[in-house]
Amino acid sequence: MSLNQPQTIGKNLQDVREQIAAAARRCERPLEEITLLAVSKTKPVSAVEDAIAAGQLAFGENYVQEGVDKIAHFAGHQPALIWHFIGPLQSNKSRLVAENFDWCQTVDRLKIAQRLNEQRPADLPPLQVLIQVNISDEASKSGIAVDEVAALAIQIMAMPNLVLRGLMAIPAAETDHTRQLAVFGQMRDALKALQVICPQADTLSMGMTDDMPAAIAAGSTMVRIGTAIFGARDYNAKQ
């Protein structure tokens with residue numbers, strides 16, 4: 005059976021939703037606090053269609069042009085889909101994100117925020133943004149240090165075409181649940197600190213297929229799941 009057949013993706017989505025519900029129950033959190041973002045990068049439009057048929061409406065894309073092409077394909081879809089950009093963003097691609105996506109989760113410097121603010125079309129609602137934090141201090145990862153969040157947040161909050169919604173992180177891979185909790189707990193504390201100056205910051209985007217339970221236990225409000233829904237990715241197939 006192909007992983008892109010609707011019954012497979014639909015079953016995978018059902019399984020992931022059940023795992024989210026179980027994790028929420030274990031830590032006594034309301035399920036409605038947690039959003040499932042289906043990471044559809046490198047996957048064909050047909051796979052997204054199958055996920056939509058199974059009730060999924062929020063999708064994350066890492067590659068700008070691939071995401072823009074999918075957004076154009078589904079333009080006018082009812083109910084409306086919500087598209088998140090979740091990959092590293094170069095300045096020369098910021099306009100495409102500003103003009104097409106609903107969210108940008110990877111704002112990590114003032115220049116990118118300024119460009120997104122200036123390039124957001126006037127006929128669209130403000131772009132919802134998250135500040136990406138490099139919580140594991142990895143040289144290979146984008147994001148800023150926790151102690152730099154407040155300064156960037158204050159600058160973003162002054163931009164009329166952006167709405168700062170919270171923080172995003174991609175911690176270093178870690179198999180130990182206790183260690184996962186500790187790292188995610190740092191992000192929870194960082195969001196609480198941000199909320200002192202930005203009360204509207206209600207989003208903590210963290211947790212993927214391998215560490216979702218720990219992320220939810222630590223307070224994640226948005227988990228980004230790709231492999232468990234769509235299967236392994238073929239990066240050679242990316243346009």
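For the sequence shown, our numbering assigns the number 5 to the initial residue and increments by one for each residue that follows.
Glycine included, every Cβ here is placed at the ideal spot set by N, Cα and C.
Check	Outcome
Residue 6 versus residue 27 - alpha carbon distance	Confidence at residue 6 is low in this model, with a pLDDT of 42, below 50, so the placement of that residue should be treated as unreliable; the coordinate-derived value is given next. Approximately 29 Å, taken between the alpha carbons.
Bridge partners - residue 117, DSSP secondary structure assignment	According to DSSP, which records beta bridges pairwise, residue 117 is partnered with nothing at all.
Residue 60 vs residue 100 beta-carbon contact at 9 Å	no
Inter-stretch contact at 8 Å, needing at least 3 Cβ pairs: the region 64 to 82 / the region 44 to 51	yes
Member of 96, 151, 232 and 78 whose CA lies at the smallest distance from the CA of residue 193	151
Beta-carbon contacts of residue 21 that lie in its chain and below 7 Å, excluding the five residues immediately before and after	40
Counted within 10 angstroms of its Cβ, other Cβ atoms place residue 65 as buried (16 or more) or exposed	buried
Continuous beta strand (DSSP E) stretch holding residue 37: start and end	No beta strand (DSSP E) contains residue 37, which DSSP labels as neither H nor E.
Among 52, 229, 219 and 127, nearest to residue 178 - alpha-carbon criterion	219
Same chain only: Cβ atoms within 6 Å of residue 143, ignoring 5 sequence neighbours per side	none
Reference residue 286, options 190, 165, 83 and 160, closest by Cα	Shown here, the chain extends from 5 to 243; a query on residue 286 therefore has no answer.
Nearest to residue 114 (by Cα), restricted to the options 136, 125, 128 and 187	136
Three-state secondary structure assigned by DSSP to residue 158	helix
Best match in 58, 167, 160 and 146 for proximity to residue 249 [C-alpha to C-alpha]	As displayed, the chain neither begins before 5 nor continues past 243, which places residue 249 out of reach and without an answer.
Status (buried if at least 16 other CB within 10 Å, exposed otherwise) for residue 102	buried
CA-to-CA distance, residue 35 to residue 130, given in whole angstroms	27 Å
Distance between residue 97 and residue 243 (C-alpha atoms, nearest Å)	Note on residue 243: pLDDT 43, under 50, position unreliable in the model; the coordinate value appears next. If you take the alpha carbons of residue 243 and residue 97, they lie about 16 Å apart.
Distance, residue 201 Cα to residue 232 Cα	36 Å
Buried or exposed (CB count within 10 angstroms, at least 16 for buried), residue 88	buried
Which listed residue (211, 53, 122 and 94) has its alpha carbon closest to that of residue 164	122
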